[in-house]
Amino acid sequence: MKAVEANYDGLVGLTHNYGGLSAGNLASANNKGLVSRPREAALQGLAKMKNLHDAGLVQGVLPPQERPFLPLLRAAGFTGTNAQIIESAAKNDLALLRAASSSAFMWAANAATISPGADTKDGRLHASAANLLTMLHRSIEGEQTTRALRAAFPGADLFTVHDPLPPQETFADEGAANHVRLCAEHGAPGVELFVHGRLAGFDARLKFPARQTLQANQALARRHGLDAQRTVFALQSAKAIDAGAFHNDVVCVGSKTCLFFHEHAFADASETCEAIRIAADDLFEPQFVQVSEQEVPLADAITSYLFNSMLVEMPGEARLVLIAPGECRKTESVARYCDKLSASNGPIGRVEFVNVRQSMRNGGGPACLRLRVVLNDAERRAANPDMLMNDRLYPKLCAWVEKHYREELAPEDLTDPALCIEGQTALDALCGILNLGSGFYPFQRA
Ligand code: SUG
27 MKAVEANYDG LVGLTHNYGG LSAGNLASAN NKGLVSRPRE AALQGLAKMK NLHDAGLVQG
87 VLPPQERPFL PLLRAAGFTG TNAQIIESAA KNDLALLRAA SSSAFMWAAN AATISPGADT
147 KDGRLHASAA NLLTMLHRSI EGEQTTRALR AAFPGADLFT VHDPLPPQET FADEGAANHV
207 RLCAEHGAPG VELFVHGRLA GFDARLKFPA RQTLQANQAL ARRHGLDAQR TVFALQSAKA
267 IDAGAFHNDV VCVGSKTCLF FHEHAFADAS ETCEAIRIAA DDLFEPQFVQ VSEQEVPLAD
327 AITSYLFNSM LVEMPGEARL VLIAPGECRK TESVARYCDK LSASNGPIGR VEFVNVRQSM
387 RNGGGPACLR LRVVLNDAER RAANPDMLMN DRLYPKLCAW VEKHYREELA PEDLTDPALC
447 IEGQTALDAL CGILNLGSGF YPFQRA
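Numbers in the numbering used here are just positions in the sequence shown, counted from 1, shifted up by 26.
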């Protein structure tokens, strides 16, 4: 069946800031306390979406979530008006207020895991919103993400959007950042690769938290109704996690028949490749582009975010295009490798660079900002058109950002109750633009 791979990007939120909230994410730790530029960040994200739309790809938009997230602060015992809650949290538990104010939902690769209908038993597209429970500031995303996905993909005959897995560390799940799908054609059955950092329970091998468990991946594959023969579970290498690869997509990306990864991405790369080969048997011949430590040291791969690129099939181009962060040009080994890649005759034909600097400072490259959704013709027709980028929506969203987003946000600005009012006003207006109704956000239903 004919199908396209759509990208749904998370729209950066009004409170985009550098909170230093993610242990094991080196950019987040190193940039803690910097003054952020929410307006610029959102416009960078929108420009990326518009470029892909203009190139002929299907591009979706996932709306920002409400922040600060008052339900978290209320659950933690803060009471009174919104302003009183924020003022009291600022005085008594600033760390909690910071977590409640994070705009981390913008990294849509963590929003959910998606299995296209071509891979599932009932032929429906299955999506599972991620519970993101390893980090407090991300554990508040799942419910609203589920709502957004149900708005984007209505119609139970074609789509099943599952609730997040149970909120317990056994099922620690960070969505598609640890999931790769390979296939001959997007609409044909594929091989789904699920990568985990650990088994349930404490893992003494690791310095930094491993955010995805094998148990979560197995549960996702089961609830999506995947064919066990076409499903591969692979362990991330401890070396990668401890070097700052807090998700597999920091050291690996795949599309169509191509898996592009660093030699230290997996605990056992040859075993992983062999398992993929077996799972793909009679469907396609996988093409492995493994980057050696000698060519690109792991530390360079992580600072430049080479592998957190989007690997896309561009209309009219025979080979895949790697849409990489601009930072790749600044790291010598990586810049050299990108030149070599473009000159090669492998599955990746060229490299394009994109500016997502504001997001990169928090450890989010081009691939983090998007959730891939394979849609066949019927699913594409059924997908909510109001959440798809087009020439009319783009200027409306840019104007909305210009009007509502602050130019700069310093860490202490998160204690300003006015930020909450600005956020609610902006999101009310956004519901009008995206036709989300008047009860999409918890504050609207309160
Ligand atoms: O979960 N950063 C995000 C980055 C997510 C990137 N996603 C993928 N690789 N798919 C995270 O660590 C930092 C927030 C802060 O420190 O303010 C943050 O949450």
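From the three backbone atoms N, C-alpha and C, an ideal C-beta is built for every residue, glycine too.
Problem set entry | Bounding residues of the alpha helix (DSSP H) (the contiguous stretch that carries residue 431) | As a working mapping, residue 431 is identified with position 405 in the sequence shown. Unbroken run through residue 431: none, as it is neither H nor E.
Problem set entry | residue 505 (DSSP reduced to helix, strand or coil) | Nothing about residue 505 can be read from this structure; the chain reaches only from 27 to 472.
Exercise. How many angstroms separate the CA atom of residue 132 from the CA atom of residue 90?
Worked result: Start at 1 with the first residue of the sequence shown, and residue 132 comes out as number 106. Start at 1 with the first residue of the sequence shown, and residue 90 comes out as number 64. Straight-line Cα distance between these residues: approximately 7 Å.
Exercise. When the Cα atoms are used, what is the spatial distance from residue 311 to residue 101?
Worked result: Taking the sequence shown and counting its residues from 1, one reaches residue 311 at position 285. Taking the sequence shown and counting its residues from 1, one reaches residue 101 at position 75. For residue 311 and residue 101, the distance between alpha carbons rounds to 51 Å.
Exercise. Roughly how many angstroms lie between the CA atoms of residue 117 and residue 104, to the nearest whole one?
Worked result: Mapped onto the sequence shown, residue 117 falls at position 91. Mapped onto the sequence shown, residue 104 falls at position 78. Using only the alpha carbons, I get a separation of about 11 Å.
Exercise. For residue 98, which three-state DSSP category applies?
Worked result: Within the sequence shown, numbered from 1, the residue matching residue 98 stands at position 72. Residue state, collapsed to three classes: helix.
Exercise. For residue 208 versus residue 217, is the C-beta distance shorter than 7 Å?
Worked result: Along the sequence shown, read from residue 1 onward, the residue named residue 208 stands at position 182. Along the sequence shown, read from residue 1 onward, the residue named residue 217 stands at position 191. Yes; because the gap between Cβ atoms is below 7 Å, this pair is in contact.
Exercise. So, are the CB atoms of residue 293 and residue 261 less than 7 Å apart?
Worked result: Here residue 293 corresponds to residue number 267 of the sequence shown, with the count starting at 1. Here residue 261 corresponds to residue number 235 of the sequence shown, with the count starting at 1. Yes.
For this session: Given a cut-off of 7 Å, decide if residue 360 and residue 301 are closer than it, judged by their beta-carbon atoms.
Result: As a working note, residue 301 is residue 275 in the sequence shown. As a working note, residue 360 is residue 334 in the sequence shown. For residue 301 and residue 360, no; Cβs fall outside 7 Å.
For this session: Would you give the residue range spanned by the alpha helix (DSSP H) that residue 324 belongs to?
Result: Position 298 of the sequence shown, counting from 1, holds the residue named residue 324. That run of the alpha helix (DSSP H) goes 324-330.
Problem set entry | Euclidean distance between Cα positions of residue 316 and residue 236 | For the purposes of this step, residue 316 is taken as residue 290 along the sequence shown, with counting starting at 1. For the purposes of this step, residue 236 is taken as residue 210 along the sequence shown, with counting starting at 1. Between residue 316 and residue 236, the C-alpha separation is close to 23 Å.
Exercise. Taking 6 Å as the cut-off, is the CB of residue 71 close to at least one heavy atom of ligand 1?
Worked result: On the sequence shown, position 45 is the one that residue 71 refers to. Incorrect: residue 71 has no Cβ contact closer than 6 Å to ligand 1.
Exercise. Would the beta-carbon of residue 47 be found less than 6 Å away from any heavy atom of ligand 1?
Worked result: Residue 47 sits at position 21 when you count from the first residue of the sequence shown. For ligand 1, at least one heavy atom lies less than 6 Å from the Cβ of residue 47.
Problem set entry | Reference residue 155; option with closest CA among 178, 233 and 255 | In the sequence shown, counting from the first residue as 1, residue 155 sits at position 129. The shortest C-alpha separation from residue 155 is found at 178.
For this session: Would you kindly check if the distance between the Cβ of residue 392 and the Cβ of residue 382 is under 7 Å?
Result: In the sequence shown, the residue the question calls residue 382 occupies position 356. In the sequence shown, the residue the question calls residue 392 occupies position 366. Closer than 7 Å, so yes.
Exercise. Span of the beta strand (DSSP E) holding residue 284?
Worked result: For this step, residue 284 is matched to residue 258 along the sequence shown. Unbroken beta strand (DSSP E) run through residue 284: 284-288.
Exercise. Would the C-beta of residue 54 count as close to ligand 1, meaning under 6 Å from any of its heavy atoms?
Worked result: Looking up residue 54 in the sequence shown gives position 28. Because some heavy atom of ligand 1 lies under 6 Å away, the Cβ of residue 54 counts as near it: yes.
Problem set entry | Span separating the alpha-carbon of residue 168 from that of residue 36 | Walking along the sequence shown from the start, residue 168 turns up at place 142. Walking along the sequence shown from the start, residue 36 turns up at place 10. Roughly 14 Å between the two C-alpha positions.
For this session: Write down every uninterrupted run of the beta strand (DSSP E) in the segment 92-146 whose length is 3 residues or greater and which is fully enclosed by it, in chain order.
Result: 138-141
For this session: Would you mind stating whether residue 64 and residue 435 have Cβ atoms separated by less than 7 Å?
Result: Position 38 of the sequence shown, counting from 1, holds the residue named residue 64. Position 409 of the sequence shown, counting from 1, holds the residue named residue 435. Yes, these two residues count as a Cβ contact at 7 Å.
Exercise. For ligand 1, any of its heavy atoms closer than 6 Å to the Cβ of residue 135?
Worked result: Locating residue 135 in the sequence shown gives position 109, where the first residue counts as 1. Indeed, a heavy atom of ligand 1 lies less than 6 Å from the Cβ.
Exercise. Where do the ends of the beta strand (DSSP E) carrying residue 336 lie?
Worked result: On the sequence shown, residue 336 is found 310 positions in, with the first residue counted as 1. That run of the beta strand (DSSP E) goes 336-338.
Problem set entry | Integer-rounded CB distance, given that residue 136 should sit under 8 Å from residue 85 | For the purposes of this step, residue 85 is taken as the residue at position 59 of the sequence shown. For the purposes of this step, residue 136 is taken as the residue at position 110 of the sequence shown. Not confirmed; about 18 Å, so no contact.
Exercise. Taking one C-beta from the segment 194-203 and one from the segment 281-298 each time, how about it: are there three or more such pairs within less than 8 Å?
Worked result: Flag = no, the segment 194-203 and the segment 281-298 do not touch.
For this session: Note down the Cα distance separating residue 295 from residue 153, rounded to an integer number of angstroms.
Result: As a first step, residue 295 is located in the sequence shown; it is residue number 269 there, counting from the start. As a first step, residue 153 is located in the sequence shown; it is residue number 127 there, counting from the start. Between residue 295 and residue 153, the C-alpha separation is close to 28 Å.
Exercise. Are residue 27 and residue 213 touching if we call contact CB-CB under 7 Å?
Worked result: Within the sequence shown, residue 27 is the residue found at index 1, counting from 1. Within the sequence shown, residue 213 is the residue found at index 187, counting from 1. Yes, the Cβ-Cβ distance between residue 27 and residue 213 is below 7 Å.
For this session: Note the first and the last residue of the continuous alpha helix (DSSP H) segment covering residue 517.
Result: Nothing can be reported for residue 517, as the shown portion of the chain is limited to 27 through 472.
Exercise. Along the chain, which unbroken stretches of the beta strand (DSSP E) at least 3 residues long are found entirely within the segment 347-405?
Worked result: 374-380 and 396-402
Exercise. Just reading off the alpha helix (DSSP H) that residue 454 is part of, what are its end residues?
Worked result: One-based indexing of the sequence shown puts residue 454 at position 428. From DSSP, the alpha helix (DSSP H) with residue 454 extends over 443-459.
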